[in-house]
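Since the structure comes first, as structure tokens, the remarks are kept for the end.
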Amino acid sequence: MHYVDTRAGEQQVSASQAIVQGISKKGGLFVPTFFPQIDLDFIKSLCDIDYKKRAQAVLSLYLTEFAAEKLTKMVENAYGMSKFTSQGIAPVVKGAGGQNVLELWHGPTLAFKDMALQLLPHLMMESAKSMGENREIVILVATSGDTGKAALEGFADVKGTRCTVFYPKEGVSEAQRLQMLTQQGNNVSVIAVQGNFDDAQTGVKKIFTDVDLAQTLAEKGIALSSANSINWGRLVPQIVYYFSAYADCINNGTIALGDALNFVVPTGNFGNILAGIYAKHMGLPIGHLVCASNRNNVLSDFLRTGVYDARREFFKTSSPSMDILISSNLERLLFELCDRDGEKVSEWMGELNTQGHYTLGPKEMERMRGLLWGSWADDTDVEDAIRETWRNERMLIDPHTAVAMNVLDQYTAKTGDKTPSVVVSTANPYKFGRDVGKALLGREQIQSLNDFECCDRLEQYTGVIVPKSIRMLQQKPVLHKVECTPETMKSTLLNELHTL
Ligand SMILES: *Cc1c(COP(=O)(O)O)cnc(C)c1O
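Throughout, my numbering is defined as the position within the sequence shown, counted from one, plus 20.
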């Protein structure tokens, strides 16, 4: 299996090269040359095996250059019991009211980023080996919260790598901040940027394109790489859980083999839902994929009008991991919609870059509508959805998952579609204890409490146990204290690389 880039640049790239390089030289994203086709027997065979074996079966269709034993070992190391708490790894849980929910937050950092970032370091090291890359690989991450911690946890103490995370000093939740600042490992560093997420993101992009810096680092035997969701190694592990959820829904009696199943996905950078689109292209009987946005509703406007317009106000919401206006993985969808016309995609991306907007043609628009349905929910809708889901399903959900629950209601009311659906749940509710507490216990009840006390109260109220890793954050020593300004990110990085 080979890979091409979405902007008519590189052709016939190996999986290893796509993973090590991350992004194409023209700035495009790597996609497989074709989607391997599966049949119902393949799906049937998944029903009787565990998540790790399902992962092996799906990943081997794309990562053909890795020997089967190598893949088995990587999957074992990524999803072993020391990393994931739930036996099912990514279980489908049926609520008291019958709603199926795919829980993707049983990994070490309690958010769905672990599904890919636990495997990525292993893929990266094997890829580097097969490319003959013997420089040390430094993974740079700009994070608004969840990706940073998941990358740190994935790359901590992985030989031949270092991981440096930049986060906006005032832009993350208390649990997210402490998760990062207490991270152990002798190859990791976490740096607070005095600015917002855009400052951190822009600074990291500058570092990636700094020719002098690349030269300096090369002389020191260092290569830079990215753990952002544009990397193929972040996307391919996510295809697995759509297959796994489908098999689980056969096993729990929701559907019969071959029946259609809808998925509702809380969406920001479009990585999670894109993996679902790829699974459908492979032949998994997915009906509609429902794209759920928060108040930063650039995607739901796009689905409705065919105009992608990033020229709008940016809102801070209770679902911060979806606060995003430039959805980078959408480029991979555009590539499929226009029959893989890389020139066309380059044109759209150029317009987005220079004018802040682009418009699909009627053909692409019709195809997109056949695949996706989208809407959005604001913070009040989210609070209502958290309360209603607790009342109807007896499930405690986080604000991101609540966006999806609300949009599922809108979808059912507007379309009347009776196809069974799976809501994709992306974070443990206690990662956002303050907002969940506000919804379920009331604003006044939590006013005088800190985030940890909110979690305690929620536990008393619901009986849902606070994860040990959240509880322990209060006692763990803060190990990372470096701060910088957007202007001094480069020199701060060099200093960190020197002293690590
Ligand atoms: C990253 C994230 C999302 C958005 O996923 P995308 O792949 O960026 O669309 C949703 N919920 C949570 C909790 C996340 O961390």
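Where a beta carbon is used, it is the ideal one built from N, C-alpha and C, also for glycine.
Cut-off 7 Å between Cβ atoms - residues of its own chain near residue i, not counting five sequence neighbours on either side
i	result
Y261	A110, L122, L124, M135
I344	G288, N289, N316
L513	T184, I227
L354	V365, W368
Q199	T129, K169, L493
D455	S338, P419
Neighbour flag for residue i against chain C, beta carbons, 9 Å
i	result
G291	No chain C appears in this structure, which consists of one protein chain only.
For residue j and residue i, the rounded distance between their alpha carbons
i	j	result
T505	D321	35 Å
L461	L478	8 Å
L428	V443	8 Å
Q375	N316	19 Å
N216	A88	44 Å
S65	P497	47 Å
L304	C474	41 Å
D232	K240	13 Å
K93	M144	14 Å
R352	E413	35 Å
Q31	Y23	7 Å
P440	V256	25 Å
P487	D476	11 Å
E363	G370	10 Å
L137	A459	30 Å
Q465	L140	42 Å
D70	V161	32 Å
Distance between beta carbons of residue j and residue i, contact taken as under 8 Å
i	j	result
A424	P286	4 Å
D166	T222	With 8 Å as the limit, D166 and T222 do not qualify as a contact, their Cβ atoms being about 20 Å apart.
H142	A98	6 Å
L391	I259	Not confirmed; about 16 Å, so no contact.
I39	S147	4 Å
G48	R74	The pair is not a contact, with the Cβ atoms about 30 Å apart (cut-off 8 Å).
M385	G326	4 Å
Residues sharing a beta bridge with residue i, DSSP
i	result
L460	DSSP lists no partner for L460.
N251	For N251, which the question treats as bridged, DSSP gives no partner whatsoever.
L244	V158
A312	P286, S395
L122	V112, V444
T184	L160, S209
L513	Its beta-bridge partners do not exist; DSSP assigns none.
F334	Note: F334 sits in no beta bridge, so no partner.
H377	D329
V51	V24
L79	According to DSSP, L79 bridges with nothing at all.
L281	I306
C504	V213
A131	A447
V33	Y23
Residue closest to residue i, alpha-carbon to alpha-carbon, out of the options
i	options	result
L380	A295, L323, R491, Q430	L323
S348	I43, A28, V24	I43
V213	H518, L517, S511	S511
K45	V51, A35, G29, S36	G29
G174	I227, V192, A247, K336	A247
S193	L49, I490, Q37	I490
M151	I306, D329, K336, S34	S34
V224	Q235, T163, D279	T163
D68	T105, I270, L493, E239	I270
C311	G303, A295, L304	A295
P563	T400, S441, Q430, E507	Lying before the first or after the last residue shown, residue 563 is absent from the chain, which here runs from 21 to 520.
E20	P52, S36, Q37, Q41	Coverage of the chain is limited to positions 21 through 520, which leaves residue 20 absent and any answer about it impossible.
Y187	Q41, A176, K169	K169
T508	K434, K226, N412, F132	K226
A299	H22, F62, I39	F62
S313	I306, M302, F335	F335
G291	F283, M302, W252	W252
K383	G362, C358, D404, Y266	C358
A435	V402, R389, E403, Q467	According to the sequence shown, residue 435 is Thr rather than Ala. That would be R389, whose Cα lies nearest to the Cα of T435.
S264	N448, I306, S102	I306
Q41	Y82, D25, V178	D25
H500	L172, S102, M101, L350	L172
T446	R254, V284, D219	V284
I528	Q76, F132, F55	Given a span of 21 to 520 for the chain in the structure shown, any question on residue 528 remains unanswerable.
Ligand 2 heavy atom lying under 8 Å from the CB of residue i
i	result
H126	For the structure depicted, ligand 2 is absent and the ligand set comprises only ligand 1.
Cβ shell of residue i (< 8 Å), same chain only, five flanking positions each side left out
i	result
E516	T184, S209, I211, V502
V158	T181, R182, C183, T184, L237, I242, A243, L244, S245, L517
L372	Y328, A330, I346, Y378
A6	Here the chain comprises residues numbered 21 to 520, so residue 6 is not present and cannot be evaluated.
Q57	M302, G303
N426	A312, A397, D401, V402, D404, A405
Beta-carbon contacts of residue i that lie in its chain and below 6 Å, excluding the five residues immediately before and after
i	result
L60	L277, G278
G100	none
Q203	L172
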